[in-house]
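Report on one structure; see the data block that follows.
There are 2 protein chains.
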Amino acid sequence: MKGKTMQTDKKGKLFVISGPSGAGKGTICKRLIDESRREDLCLSVSVTTRKPREGEEEGVHYYFIDEDRFREMAEHGQLLEFAEVYGKHYGTPKEKVLEKLAEGTDVVLEIEMQGALKVKKNYPDGVFIFILPPSMAELRKRITGRGTETEDVIDLRMSKALDEISYIEEYDYVVVNEDLDEAVSRVQAIIRAEHSRVTKDINELISQYKEDE
Amino acid sequence: MKGKTMQTDKKGKLFVISGPSGAGKGTICKRLIDESRREDLCLSVSVTTRKPREGEEEGVHYYFIDEDRFREMAEHGQLLEFAEVYGKHYGTPKEKVLEKLAEGTDVVLEIEMQGALKVKKNYPDGVFIFILPPSMAELRKRITGRGTETEDVIDLRMSKALDEISYIEEYDYVVVNEDLDEAVSRVQAIIRAEHSRVTKDINELISQYKEDE
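Top line first, the protein sequences correspond to chains A and B.
This note's numbering applies: residue 1097 is where the first sequence begins, and numbers increase by one.
This note's numbering applies: residue 1097 is where the second sequence begins, and numbers increase by one.
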């Protein structure tokens, strides 16, 4: 132990990236992984009861499971959160995430607000980041720009976004995505800074120094 | 207001950089300022009752004041912390720091542990960063390497350092200064990340979005 450099951040951290649809959280997560050149950073892989689409790989895009297995996982607290979309189930497998964190890998989980709040309840040590559009007008423009939604659907999504924004105080960080490069680099800074945060594990570090002297 | 990009970090933040003598906090602060190329980042300037040395400028290196003025400031809570060194007084002027923060400038304050804890009491919104040597053996090497201290003084400083390390849990962040570039870049990431932190001002931001829609 004598003279050995002390480690302050051996364990990985869970970064939950959330925010209204259209704020750009998916793009930010993709860029985080693509640009990080870190082997110890990965996206969380969900379980789902839907069938794999062409090109989708087990354990890469999803873990594909059946309804019975899903129910069992949900009932035994093995999912950090889960939701139903068009009759199919999706969830975040707790054990897979904890395994990654234990081996020192950071896990990034992109998820909408309600899922994020469930994850916070089940894993409060996560770092919760809310991605905001630069303004509501810009959000409307982005949603409209896709050209796939009717006026009614757009209004519904705008009002959902406003509702979600009311929950920002449940998060640790808020990043305004006006310029994508800037937003990605801010999230990178947050990931870096969080590995220097003083946590309840600090006493272990202090003991290392005391033994060293 | 409509469509205007929301500001999440209009106010400056106080970053208190502390740690044992020999950990390198002075060098890190100097590099932070020299390399930041930010006009809105500055070092805190202390008041002192000692006489200016050659080349020292009022308001740049120190604010030079007399004992009466110092006592008055201390008694009226106008100092975030103060201490006596060789019969002369030194302190951090609260109003000067608050002025900088109000105009959106970040203030970096380099200070030893006891001063840092006093600042925390008087300004809990500060961000408190502890700089650690990579190991106690390395700290001893650095202190010894200066060649200016006797063995007794070195032992005294080592035991003071160990005592200071016990207070890390009072801090928000801990940065191990093994490689200087890496340590500076970590502190820069912390400064950046802190400007994205959700604070009690968040309701103001939420209201801006609600008005915008």
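Just so you know, even glycine gets a beta-carbon here, dropped at the ideal spot from N, CA and C.
All of these numbers come straight from a predicted model, not from anything done at the bench.
In the three-state scheme derived from DSSP, where H, G and I count as helix and E and B as strand, B/Val1294 is classed as coil. According to DSSP, B/Asp1202 shares a beta bridge with B/Leu1137.
With a cutoff of 8 Å on beta-carbon distance, B/Met1169 and B/Leu1176 are scored as not near each other. Interface residue (Cβ-Cβ distance to chain B less than 8 Å): A/Asp1268 is classified as such. Sixteen is the threshold: when 16 or more other Cβ atoms of the shown chains lie within 10 Å of the Cβ of A/Leu1137, as they do, the residue is buried. When C-beta distances to chain B are compared with 7 Å, the residues of the region 1275-1307 of chain A below that value are Arg1282, Ala1285, Ile1286, Arg1288, Ala1289, Ser1292, Arg1293, Val1294, Ile1298, Ile1302, Tyr1305 and Lys1306, in chain order. Close partners of A/Glu1265 in chain B (Cβ separation under 9 Å): Val1294, Lys1296, Ile1298, Asn1299 and Ile1302. Here B/Ile1129 is exposed. Its C-beta has fewer than 16 other C-beta atoms within 10 Å. Boundaries of the alpha helix (DSSP H) harbouring B/Gly1122: Lys1121 to Ser1132, taken from the DSSP string. Under DSSP, no beta-bridge partner is assigned to B/Lys1192. Within the same chain, Gly1173, Gln1174, Leu1175, Leu1176, Asn1218 and Tyr1219 come within 8 Å of B/Lys1190 by CB-CB distance, once the 5 residues on both sides are set aside. For A/Ile1113, the closest C-alpha among the options A/Val1270, A/Arg1146 and A/Pro1230 is that of A/Val1270.
Under the criterion of beta carbons closer than 8 Å, A/Leu1258 and B/Glu1309 qualify as touching, at roughly 6 Å. Excluding five sequence positions before and after A/Ile1250, the CB atoms of its chain that fall closer than 8 Å to its own CB belong to Arg1236, Ile1239 and Thr1240, given in chain order.
Within chain B, Ser1292 have C-beta atoms less than 7 Å from the C-beta of A/Val1271, given in sequence order. Between A/Leu1301 and A/Val1272, the CB-CB gap reaches or exceeds 8 Å. Annotation for B/Ile1207: no beta strand (DSSP E) segment contains it, and DSSP assigns it neither H nor E. No residue range can be given for A/Ser1231, since it is assigned to no alpha helix (DSSP H) and is classified by DSSP as neither H nor E. Nearest CB-CB separation between A/Leu1258 and chain B: below the 8 Å threshold. For a Cβ distance threshold of 9 Å, residue set Glu1309 of chain A lies close to B/Met1254, ordered along the chain. Within chain A, the residues Ile1302 and Tyr1305 have their CB atoms less than 7 Å from the CB of B/Ile1261, given in chain order. Less than 8 Å divides the Cβ of A/Ala1198 from the Cβ of A/Lys1107. B/Tyr1158 sits away from B/Val1181, with the two beta carbons spaced by 8 Å or more.
Secondary-structure assignment with DSSP links B/His1185 through a beta bridge to B/Glu1180. Counted as a single uninterrupted DSSP element, the stretch harbouring B/Ile1161 is not any alpha helix (DSSP H), since DSSP gives it neither H nor E. The alpha-carbon of A/Glu1131 is positioned some 31 Å away from that of A/Met1254.
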